[in-house]
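Written below as structure tokens is the structure these notes are about.
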Amino acid sequence: MTALPTRKLEAYRYADTDALASIWSSLPEPELIRVAANETLQQVWLPSGDAVEVRRARVELAAGSEAELFALNTARTYGRVELEVFLGEGSRFHFDAANLGVGTATLEVVTNVRHLEPGAVSRQVVRSVLGGKATGSYLGKVHVARSAQQTDGEQSVKAMLLDRGATANCKPELEIYADDVKCAHGASVGELDPDQLFYALSRGLPPAEAKALLLEGFVLGLWDEVADEMTREALCVHSRAMLREVAR
1 MTALPTRKLE
11 AYRYADTDAL
21 ASIWSSLPEP
31 ELIRVAANET
41 LQQVWLPSGD
51 AVEVRRARVE
61 LAAGSEAELF
71 ALNTARTYGR
81 VELEVFLGEG
91 SRFHFDAANL
101 GVGTATLEVV
111 TNVRHLEPGA
121 VSRQVVRSVL
131 GGKATGSYLG
141 KVHVARSAQQ
151 TDGEQSVKAM
161 LLDRGATANC
171 KPELEIYADD
181 VKCAHGASVG
191 ELDPDQLFYA
201 LSRGLPPAEA
211 KALLLEGFVL
221 GLWDEVADEM
231 TREALCVHSR
241 AMLREVAR
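Following full-length UniProt numbering from start to finish, the sequence shown increments by one per residue and tops out at 248.
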């Protein structure tokens, strides 16, 4: 095991290093996920319930393959989802994730998506809902090699803050060496729409319930493409429960 990283490293700029230290000596190496040529893989990361949880993976996509990864990050103290992705020719990678935090939780999604060959597609969609003094962060790099012409890469990052003490950090990054590419990223941090909230309240809903219902529309769409019905329902149940807690 390497030395415990510090905030001097960009990928750990917002990390809770004290919490990370509590599990660092027992933290396994990143999970290796290989998808063979022209094969398809879908994987879901549900929260374990541990106060400190780190999930890491190295994803390698062969030519013409496709991978979809869904991650719900709700650790009470420190949660980190960390991905390094390598895309072969004509492969496709789709990543949907949510940070849902209360109290003083620190939640992170850190990705490094590498387009190495022509014609690959990557999509990253991250939504954060943060209450109390929680912090949610997304640090995501899309690297496009000189040989990776016709790359199509997108990052969509949005955060919703419910309390003045909550913090969101969004840093999508593009590093492009090819000429013929289509890459875009967008990041926004906001609050619940007061007009929508007023309408929900006017229908007789209690304030916390009204907020939670609006937040469901912000988050639950992330799980629409989960193929297994029971897993999709589990994601929705976990998300709804956490959103109601954040909305209190």
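Backbone N, C-alpha and C fix where the C-beta goes; we use that ideal spot for every residue, glycine too.
None of these values were measured; they are calculated from a predicted model.
Outcome for residue i when other beta-carbon atoms lying within 10 angstroms are tallied against a minimum of 16
{"i": "residue 65", "result": "buried"}
{"i": "residue 114", "result": "buried"}
{"i": "residue 224", "result": "exposed"}
{"i": "residue 80", "result": "buried"}
{"i": "residue 38", "result": "exposed"}
{"i": "residue 191", "result": "exposed"}
{"i": "residue 146", "result": "exposed"}
{"i": "residue 199", "result": "exposed"}
{"i": "residue 90", "result": "buried"}
{"i": "residue 111", "result": "buried"}
{"i": "residue 88", "result": "buried"}
{"i": "residue 248", "result": "exposed"}
{"i": "residue 19", "result": "buried"}
Residue i to residue j span [Cα, whole Å]
{"i": "residue 76", "j": "residue 177", "result": "40 Å"}
{"i": "residue 40", "j": "residue 28", "result": "26 Å"}
{"i": "residue 132", "j": "residue 207", "result": "16 Å"}
{"i": "residue 109", "j": "residue 140", "result": "8 Å"}
{"i": "residue 124", "j": "residue 153", "result": "8 Å"}
{"i": "residue 83", "j": "residue 30", "result": "8 Å"}
{"i": "residue 175", "j": "residue 236", "result": "34 Å"}
{"i": "residue 159", "j": "residue 127", "result": "6 Å"}
{"i": "residue 23", "j": "residue 119", "result": "39 Å"}
{"i": "residue 306", "j": "residue 142", "result": "This structure leaves residue 306 out entirely; the chain is present only between 1 and 248."}
{"i": "residue 222", "j": "residue 193", "result": "20 Å"}
{"i": "residue 164", "j": "residue 219", "result": "21 Å"}
{"i": "residue 72", "j": "residue 226", "result": "13 Å"}
{"i": "residue 244", "j": "residue 12", "result": "29 Å"}
{"i": "residue 15", "j": "residue 26", "result": "18 Å"}
{"i": "residue 228", "j": "residue 95", "result": "16 Å"}
{"i": "residue 63", "j": "residue 78", "result": "36 Å"}
{"i": "residue 5", "j": "residue 239", "result": "30 Å"}
{"i": "residue 54", "j": "residue 117", "result": "30 Å"}
{"i": "residue 86", "j": "residue 107", "result": "24 Å"}
{"i": "residue 202", "j": "residue 215", "result": "17 Å"}
{"i": "residue 260", "j": "residue 121", "result": "Here the chain comprises residues numbered 1 to 248, so residue 260 is not present and cannot be evaluated."}
{"i": "residue 42", "j": "residue 98", "result": "17 Å"}
Assumed close pair residue i, residue j - CB separation to whole angstroms, cut-off 8 Å
{"i": "residue 136", "j": "residue 168", "result": "5 Å"}
{"i": "residue 61", "j": "residue 242", "result": "In fact, because the Cβ distance is near 31 Å, the residues do not count as touching under 8 Å."}
{"i": "residue 7", "j": "residue 33", "result": "Their Cβ separation, rounded to whole angstroms, is 28 Å, which puts residue 7 and residue 33 out of contact at 8 Å."}
Sequence-distant residues of the same chain with beta carbon closer than 8 Å to residue i, five excluded per side
{"i": "residue 10", "result": "139"}
{"i": "residue 234", "result": "46"}
{"i": "residue 213", "result": "200 and 205"}
Cβ-based neighbour list, residue i, same chain, cut-off 6 Å, excluding 5 preceding and 5 following
{"i": "residue 156", "result": "125 and 186"}
{"i": "residue 171", "result": "139"}
Any C-beta of chain D under 8 Å from that of residue i
{"i": "residue 128", "result": "Protein chain content of the structure displayed is limited to a single chain, and chain D is not contained in it."}
Suppose only complete runs of 3+ residues qualify. What are the beta strand (DSSP E) ranges in the stretch 170 to 232, listed by chain order?
The stretch 170 to 232 contains, as complete beta strand (DSSP E) runs of 3+ residues, the segments 181 to 190 (chain order).
Which runs of the beta strand (DSSP E) spanning at least 3 residues fall entirely within the stretch 51 to 126, listed in chain order?
Counting only runs that start and end inside the stretch 51 to 126, the beta strand (DSSP E) elements of at least 3 residues fall at 52 to 61, 66 to 73, 78 to 87, 92 to 101 and 106 to 115.
Beta strand (DSSP E) runs wholly inside the stretch 3 to 46, at least 3 long, in chain order
Runs of the beta strand (DSSP E) lying entirely within the stretch 3 to 46 and spanning at least 3 residues, in chain order: 31 to 35 and 40 to 45.
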